[in-house]
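Okay, so the sequence shown: first residue is 1 according to full-length UniProt numbering, each after it adds one. Note that CB positions come from ideal geometry on N, CA and C, so glycine has one too.
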Amino acid sequence: MDRDSFWGLVEDARASVDDTVADPDGVADALTKVLGTAEAEEIVGFGTELARLQVESYRWDLWAAAYLINSGASEDGFDSFRGWLLAQGREVWEAALAEPDSLADVVDEDRPEGFEGFDGEGMLHVGSHAYKNLTGDEPAYWKAVDRDAPDTPDLPAGKEIDFDDEEDLQTLLPRLAALYLDA
1 MDRDSFWGLV
11 EDARASVDDT
21 VADPDGVADA
31 LTKVLGTAEA
41 EEIVGFGTEL
51 ARLQVESYRW
61 DLWAAAYLIN
71 SGASEDGFDS
81 FRGWLLAQGR
91 EVWEAALAEP
101 DSLADVVDED
111 RPEGFEGFDG
121 EGMLHVGSHA
131 YKNLTGDEPA
141 YWKAVDRDAP
151 DTPDLPAGKE
161 IDFDDEEDLQ
171 TLLPRLAALY
181 LDA
């Protein structure tokens, strides 16, 4: 599956969700249904493209944005944040990769009571769920995706960032820092 086809499926799923910022799981559910009508090879292609996007977005500057937005971000938390970012669609994804501070236009600094972060873990499992629903064989999906997907690097790309250094975060991400530091 090529990148345009991948994003076309995501956009189709997003169209059925009223508020993708607050409901990335709704996007994941809709996307699982959309993929459920595909052939097994196409679902694997989707998973491979998803893996490529995850590797491309494994960057210090984007992790710093996730750290600010979610009041912290472990490695798993960063993965889930990138799942949330996928649910926002191609335009937001590409803008965030070009300039992570652009996420200040997407997120709401007012965190409602019980807020647990911008988390789209469900987006990371769409392919495996759709494949299992179609074939009943989830391990075969992961084996096929792993065969063609790039390996995640040991360290994120770019200059390492100390997430506890507020001055660096303000310099790197001034708009997000204004929203989330001392908020």
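> At what residue ranges does the stretch 97 to 157 contain a whole run of the alpha helix (DSSP H), taking only runs of 4 or more?
Replying inline: Whole alpha helix (DSSP H) segments, 4+ residues: 126 to 135 and 138 to 148.
> Distance, Cα to Cα, Glu-41 vs Asp-25?
Replying inline: Sequence index remark: in the sequence shown, residue 41 carries index 41 (1-based). Sequence index remark: in the sequence shown, residue 25 carries index 25 (1-based). Straight through space, the alpha carbons of Asp-25 and Glu-41 are spaced by roughly 24 Å.
> Would you report the Cα separation of Ala-87 and Asp-182, rounded to the nearest angstrom?
Replying inline: Walking along the sequence shown from the start, residue 87 turns up at place 87. Walking along the sequence shown from the start, residue 182 turns up at place 182. Cα atoms of Ala-87 and Asp-182: separation of roughly 28 Å, rounded to the nearest angstrom.
> When you compare each of Asp-19, Val-21 and Glu-11 to Thr-32 by their alpha carbons, which one comes out closest?
Replying inline: By 1-based counting over the sequence shown, the position of residue 32 is 32. Measuring from the Cα of Thr-32, the nearest candidate turns out to be Glu-11.
> What span of residues does the alpha helix (DSSP H) with Tyr-67 cover, start to end?
Replying inline: Numbered from 1 along the sequence shown, position 67 holds the residue referred to as residue 67. Counting along the chain, the alpha helix (DSSP H) containing Tyr-67 begins and ends at 60 to 69.
> Taking three-plus beta-carbon pairs below 8 Å as touching, is the stretch 5 to 19 in contact with the stretch 44 to 60?
Replying inline: Taking 8 Å as the limit for Cβ pairs, the verdict is that the stretch 44 to 60 does touch the stretch 5 to 19.
> Looking at C-alpha atoms only, which residue of Gly-72, Glu-99 and Met-123 is the closest neighbour of Arg-82?
Replying inline: Taking the first residue of the sequence shown as position 1, residue 82 is located at position 82. Taking only the C-alpha atoms, the option nearest Arg-82 is Met-123.
>> Whether or not the stretch 158 to 166 and the stretch 90 to 106 are in contact is what I'm after, with contact meaning three or more pairs of Cβ atoms, one per stretch, closer than 8 Å; do they touch?
In response: Not touching, per the Cβ criterion.
> In chain order, what residues of the same chain lie with their CB nearer than 6 Å to the CB of Tyr-141, ignoring the 5 residues before and after it?
Replying inline: The sequence position of residue 141 within the sequence shown is 141, counting from 1. Correct list, in chain order: Ser-128 and Tyr-131.
> How many whole angstroms separate the CB atoms of Gly-120 and Trp-84, which I take to be in contact at a CB cut-off of 8 Å?
Replying inline: Translated into the one-based positions of the sequence shown, residue 120 becomes position 120. Translated into the one-based positions of the sequence shown, residue 84 becomes position 84. Contact between Gly-120 and Trp-84 holds, since their C-beta atoms are separated by about 3 Å, short of 8 Å.
>> Quick check on the DSSP output: the alpha helix (DSSP H) that includes Ser-5 runs from which residue to which?
In response: One-based indexing of the sequence shown puts residue 5 at position 5. Ser-5 -> alpha helix (DSSP H) spans 3 to 14.
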